[in-house]
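Step one of this worksheet: look at the structure below.
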Amino acid sequence: MKIIILSCATLLLSSQIFAEDHLYPQKNFSLKAGYTEFDIHHKILGSEKVKSLEYSAAYDFSNWGIWGKYETQKIKKLKSNQYAIGAQYMLYQNRYIYTLASLGVGLTDINFNKKNYKTQAKYIYYPFNLELGYKLHPNLNIYTSIGYKWFKNKNTKMYYKDIKISDEADNNLDLHGQTYSIGLRFNF
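What the sequence shown shows, in this note's numbering, is residues 423 to 610, in sequence order.
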């Protein structure tokens, strides 16, 4: 009995450590969670570094796939939620590393409160990312990415003491900037 248990344990361990790529079927679904920094650039307001958490799901069809992402940010008196969908393409992949490019479209809402002033802004944005990942295990990858986001203002409401003083889209409120991410990707 001990020999059977020892043989099964050795077989299981060796298949996890020395397995070839063809022993693992392709994982089509993945979830990722990570930390993101967004360097915002604005022609009037200047620059700001925004830190956030990102949660994403992707489905892969061979070399290309689709994804959906949620990001949440909070700095000082500003809070933002971002929702995006898009496509991705696997540029390179081997047993240990992968690189992929993604492009999408998303919506974001930004809420800013300061004393008697309140601003609510809605944006449509276009994210582009290049991701480099290292496969720790067939089901677990660590990734880092660099990207860029363009934000187009769709509507901005401004209030003073709860009285609406503005309700319009304003091109002067368009934003753009680089993004940097690091996190874990879980493959199923």
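Cβ atoms here follow ideal geometry from the backbone N, Cα and C, with glycine treated the same way.
Just so we're clear, the structure is a prediction, and the values are computed from it rather than from any experiment.
inquiry  = Spatial neighbours of Thr578 within its chain, please: C-beta separation below 8 Å, excluding the five flanking residues on both sides.
reply    = The residue given as residue 578 occupies position 156 in the sequence shown. Around Thr578: Thr541, Gln542, Ala543, Lys544, Ser588, Asp589, Glu590, Ala591, Asp592 and Leu595.
ask   = By DSSP, does Asn450 sit in helix, in strand, or in coil?
value = If you number the sequence shown from 1, residue 450 lands on position 28. It is coil, neither helix nor strand.
query = Who pairs with Tyr518 in a beta bridge, going by DSSP?
reply = As a working mapping, residue 518 is identified with position 96 in the sequence shown. Looking at the DSSP assignment, Tyr518 forms no beta bridge with any residue, so it has no partner.
inquiry  = Check this for me: beta carbons of Lys536 and Lys499, under 8 Å apart or not?
reply    = For the purposes of this step, residue 536 is identified with residue 114 of the sequence shown, where counting begins at 1. For the purposes of this step, residue 499 is identified with residue 77 of the sequence shown, where counting begins at 1. Yes, the pair counts as a contact, with Cβ atoms nearer than the cut-off.
ask   = Got a sec? Which residues, its chain only, sit under 7 Å from Asn450 by beta carbon, not counting five neighbours each side?
value = To locate residue 450, count along the sequence shown from 1; it is residue 28. So the list reads Tyr481 and Asp482, once near-sequence residues are dropped.
ask   = Taking the Cβ atom as the reference point for each residue, do Asn533 and Lys501 lie within a distance shorter than 8 Å?
value = By 1-based counting over the sequence shown, the position of residue 533 is 111. By 1-based counting over the sequence shown, the position of residue 501 is 79. Yes; because the gap between Cβ atoms is below 8 Å, this pair is in contact.
key: Among Trp489, Gly487, Ile462 and Ile497, the one whose alpha carbon lies nearest that of Gln600   = What you label residue 600 is simply residue 178 of the sequence shown in a count that begins at 1. Per the Cα distances, Ile462.
key: Span of the beta strand (DSSP E) around Asp589   = Counted from its first residue, the sequence shown places residue 589 at position 167. Looking at the DSSP string, the run of the beta strand (DSSP E) that includes Asp589 is Ile585 to Glu590.
query = DSSP state of Ile594, grouped into three classes?
reply = The residue given as residue 594 occupies position 172 in the sequence shown. A small fix is needed here, since residue 594 is Asn in this sequence, not Ile. Note: Asn594 maps to helix in three-state DSSP.
request  = Kindly list the residues whose CB is nearer than 6 Å to the CB of Gly490, restricted to its own chain and excluding five residues on each side of it in sequence; keep chain order.
outcome  = Within the sequence shown, the letter at position 68 stands for residue 490. Closer than 6 Å at Cβ, skipping near neighbours: Ala479 and Ile507.
key: Host beta strand (DSSP E) of Lys579 (start-end)   = Translated into positions along the sequence shown, residue 579 becomes position 157. Note, Lys579: beta strand (DSSP E), Leu562 to Tyr582.
ask   = Assuming Ile397 and Leu606 make a contact with CB atoms under 8 Å, what is their CB distance in whole Å?
value = Summary: the structure shown does not reach residue 397, with the chain confined to residues 423 through 610, and so no result is reported for it.
inquiry  = Taking DSSP's pairing of strands, which residues face Lys498 in a bridge?
reply    = Looking up residue 498 in the sequence shown gives position 76. None, per the DSSP bridge assignment.
ask   = For the putative contact between Tyr556 and Tyr602, defined by C-beta atoms under 8 Å, what is the C-beta separation to the nearest angstrom?
value = Counting from 1 along the sequence shown, the entry for residue 556 is found at position 134. Counting from 1 along the sequence shown, the entry for residue 602 is found at position 180. With a Cβ gap of about 17 Å, Tyr556 and Tyr602 do not count as contacting.
request  = Classify Ser474 as helix, strand or coil using the three-state DSSP reduction.
outcome  = If you number the sequence shown from 1, residue 474 lands on position 52. Residue state, collapsed to three classes: strand.
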